[in-house]
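Chemist: Right, I'll just put the structure down here and ask away after.
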Amino acid sequence: MKKPYVALFIAVVSVSFAAIFIVSCQAPPLSIAFYRLFFTTLLLLPFALFHKKIRYEILNLSSSTALIMFGIGIILALHFALWITSLTKTSVASSVILVTAHPVMVAPLSHFLFKEKISYLSIVGITLSITGVVILVGGNYGLQPGTLYGNVLAILGGIAAGIYILGGRRMRQKVSTISYAFIVYGVAAIVLFLLCLLFNSPLLISHRDYEIILLMALVSGIFGHTFYNWALKYVPAHVASVALLAEPVGSSLLAFLLPWIQQVPSIYTITGGGIVLAGIYLTARTASFQNF
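Each number in the working numbering corresponds to the 1-based position in the sequence shown with 77 added.
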């Protein structure tokens, strides 16, 4: 039983580095998003090609399951496009806190779409999180150009993550981790490639950026998202959900300590962010099984 918790710990630490990798790149946001998913898909390709069980599962998916996974891939592409762009407009702390608020967004969506009950604690958590978002976004408005725009993008990225979670939660009951990740990441990479062409975002970037994004795909993609998805089978739902609260804390701390970033969170980010995290904690403690 210890292995799932080790995997969960590795996943949370690995995901905390994602925002740091992104702000360390000089490439445009859409280019970073594309290569992030492209490299992750490439890393999973050997399993899809040479692992008999996984290959058989992928080739024999029902049309309805494949269609739903394609839709999830499109949503994931939007999540990364919105979130990575937000990191160019607002601070790491604000962006990661807002985008991590997806459990708060999942709860009401689950209630209306799947008739899942919302507990009293979840309602309190959602109310707290909304209050924290207002403080964080409103307080930071005007502190630097583009901050409001960046915070709105992060919120939209969190909404996309919430929809992705809902779809993934259903599919992970039918499809194995590697098969699910390979298809969804692959579809997301294709969508982001098309967005790069549509918005003239360069596909040729510096060697340094290629190396950083490849490292991000390995660390935050494979050791982060994929390890987390695997651990979900064995770790209690509330533990897995609440563990994700370590990501904004870790990312914010790294952004403050690393000399080439050195972002000092404003009082509004600290206060509002703390309230948001408290709200996420209450919501996630009582939420259904999460996935990301």
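The C-beta atom is built at its ideal place from N, Cα and C for all residues, glycine as well.
Return the residue from the list I152, S91, F94 and Y112 that minimises the CA-CA distance to S278.
Modeler: Position 201 of the sequence shown, counting from 1, holds the residue named residue 278. Distances from the alpha-carbon of S278 to those of I152, S91, F94 and Y112 put Y112 closest.
Chemist: Could you check if V89 is buried or exposed, using at least 16 other CB atoms within 10 Å of its CB as the buried criterion?
Modeler: For the purposes of this step, residue 89 is taken as residue 12 along the sequence shown, with counting starting at 1. Buried is the label assigned to V89, since at least 16 other Cβ atoms lie within 10 Å of its Cβ.
Chemist: In whole angstroms, what separates the C-alpha of Y133 from that of S140?
Modeler: The count along the sequence shown starts at 1 and reaches residue 133 at position 56. The count along the sequence shown starts at 1 and reaches residue 140 at position 63. Cα-Cα distance, rounded: 15 Å.
Chemist: Buried or exposed for F276, going by 16 or more other Cβ atoms inside 10 Å?
Modeler: Position 199 of the sequence shown holds residue 276. When all chains shown are included, F276 counts as exposed.
Chemist: Should S283 go down as buried or exposed, given a rule of 16 or more other Cβ atoms within 10 Å for buried?
Modeler: Looking up residue 283 in the sequence shown gives position 206. By the 10 Å Cβ count, S283 comes out exposed.
Chemist: Is the distance from the Cβ of F157 to the Cβ of A294 below 8 Å?
Modeler: As a position in the sequence shown, residue 157 is number 80, starting the count at 1. As a position in the sequence shown, residue 294 is number 217, starting the count at 1. No, the pair does not count as a contact, with Cβ atoms beyond the cut-off.
Chemist: Helix, strand or coil for N228, going by three-state DSSP, please let me know.
Modeler: Residue 228 sits at position 151 when you count from the first residue of the sequence shown. In this structure, N228 counts as helix in the three-state DSSP scheme.
Chemist: Closest by CA to L354, which one among Y197, A266, A237 and V173?
Modeler: Along the sequence shown, read from residue 1 onward, the residue named residue 354 stands at position 277. When only C-alpha atoms are compared, the closest one is V173.
Chemist: Which residue marks the beginning of the alpha helix (DSSP H) containing T254, and which one marks its end?
Modeler: Translated into the one-based positions of the sequence shown, residue 254 becomes position 177. Per DSSP, the continuous alpha helix (DSSP H) segment holding T254 begins and ends at T254 to L275.
Chemist: How about the segment 339-353 and the segment 161-176: do they share at least three Cβ pairs that are nearer than 8 Å?
Modeler: yes
Chemist: Give the straight-line distance between the Cα atoms of A265 and I200, rounded to the nearest whole angstrom.
Modeler: Counting from one through the sequence shown, the residue named residue 265 turns up at place 188. Counting from one through the sequence shown, the residue named residue 200 turns up at place 123. Each residue's alpha carbon lies about 32 Å from the other.
Chemist: Is I338 near the ligand SAM - that is, is its Cβ less than 7 Å away from at least one heavy atom of it?
Modeler: Of ligands this structure carries none, so the ligand SAM is not represented either.
Chemist: Does the pairing of the segment 94-101 with the segment 144-155 give three or more beta-carbon distances under 8 Å?
Modeler: No contact exists between the segment 94-101 and the segment 144-155.
Chemist: Taking C-beta to C-beta, are G239 and M146 nearer than 8 Å?
Modeler: Walking along the sequence shown from the start, residue 239 turns up at place 162. Walking along the sequence shown from the start, residue 146 turns up at place 69. Against a cut-off of 8 Å, the Cβ pair of M146 and G239 comes out as no contact.
Chemist: Output yes or no for whether 8 Å exceeds the beta carbon distance between G227 and T167.
Modeler: Here residue 227 refers to the residue found at position 150 when the sequence shown is read from its first residue. Here residue 167 refers to the residue found at position 90 when the sequence shown is read from its first residue. Yes; because the gap between Cβ atoms is below 8 Å, this pair is in contact.
Chemist: For the candidate residues V92, A308 and I347, whose alpha-carbon lies nearest to that of K79?
Modeler: Walking along the sequence shown from the start, residue 79 turns up at place 2. It is A308 whose Cα lies nearest to the Cα of K79.
Chemist: Mapping the DSSP letters down to three states, classify A110 as helix, strand or coil.
Modeler: If you number the sequence shown from 1, residue 110 lands on position 33. Three-state DSSP puts A110 in a helix.
Chemist: With distances taken between CB atoms, is the gap from T142 to K251 smaller than 8 Å?
Modeler: Mapped onto the sequence shown, residue 142 falls at position 65. Mapped onto the sequence shown, residue 251 falls at position 174. Yes, the Cβ-Cβ distance between T142 and K251 is below 8 Å.
Chemist: By Cβ distance below 7 Å, which residues in the same chain neighbour S108 in space, the five residues on each side in sequence not counted?
Modeler: The sequence position of residue 108 within the sequence shown is 31, counting from 1. Closer than 7 Å at the Cβ level, and outside the excluded window around S108, lie C273, S278, P279, L280 and I282.
Chemist: Roughly how far, in whole angstroms, is the beta-carbon of G235 from the beta-carbon of H179, given that I think they are within contact range, below 8 Å?
Modeler: Looking up residue 235 in the sequence shown gives position 158. Looking up residue 179 in the sequence shown gives position 102. Sure, about 5 Å apart at Cβ, within 8 Å.
Chemist: Quick one: what's got a C-beta closer than 7 Å to S403's C-beta in the same chain, skipping five residues either side?
Modeler: It is not possible to answer for residue 403, since the shown part of the chain is limited to 78 through 369.
Chemist: Can you tell me whether L271 is buried or exposed, with buried defined as 16 or more other CB within 10 angstroms of its CB?
Modeler: On the sequence shown, residue 271 is found 194 positions in, with the first residue counted as 1. L271 comes out exposed.
Chemist: Closer than 6 Å by C-beta to I161: which residues in its own chain qualify, once you throw out the five before and the five after it? Chain order, please.
Modeler: If you number the sequence shown from 1, residue 161 lands on position 84. These residues qualify, in order along the chain: I99, P106, I109 and A110.
Chemist: Mark I344 as exposed unless 16 or more other C-beta atoms lie within 10 angstroms of its C-beta, in which case mark it buried.
Modeler: Counted from its first residue, the sequence shown places residue 344 at position 267. Under this definition I344 is an exposed residue.
Chemist: Leaving out five residues before and five after V92 in sequence, what residues of the same chain have Cβ atoms less than 6 Å from its Cβ?
Modeler: Here residue 92 corresponds to residue number 15 of the sequence shown, with the count starting at 1. Taken in chain order, the residues that qualify are S297, G301 and E324.
Chemist: Taking Cβ to Cβ, would you say G349 is nearer than 8 Å to G223?
Modeler: On the sequence shown, residue 349 is found 272 positions in, with the first residue counted as 1. On the sequence shown, residue 223 is found 146 positions in, with the first residue counted as 1. No, Cβ-Cβ distance for G349 and G223 is not below 8 Å.
Chemist: Keeping to the same chain, check which residues put their C-beta closer than 6 Å to that of F127; ignore five residues upstream and five downstream.
Modeler: Position 50 of the sequence shown, counted from the first residue, corresponds to residue 127. Once the five neighbours on either side are set aside, F127 has no close Cβ partner at all.
Chemist: Give me the Cβ distance between Y262 and T118, rounded to the nearest whole Å; I'm assuming they're in contact under 8 Å.
Modeler: Here residue 262 refers to the residue found at position 185 of the sequence shown. Here residue 118 refers to the residue found at position 41 of the sequence shown. Confirmed, about 5 Å.
Chemist: Let me know the secondary structure DSSP gives G234 once reduced to three states.
Modeler: Here residue 234 corresponds to residue number 157 of the sequence shown, with the count starting at 1. Shown here, G234 sits in a helix according to DSSP, grouped into three states.
Chemist: Quick one: residues in its chain with C-beta nearer than 7 Å to the C-beta of A237, no 5 flanking neighbours on either side, listed in chain order?
Modeler: On the sequence shown, residue 237 is found 160 positions in, with the first residue counted as 1. Counting only Cβ-Cβ distances below 7 Å, and skipping sequence neighbours, we find I152, L155, H156 and L159.
Chemist: Q340 and V169 - do their beta-carbons sit closer together than 8 Å?
Modeler: Counted from its first residue, the sequence shown places residue 169 at position 92. Counted from its first residue, the sequence shown places residue 340 at position 263. Going by C-beta atoms, V169 is nearer than 8 Å to Q340.
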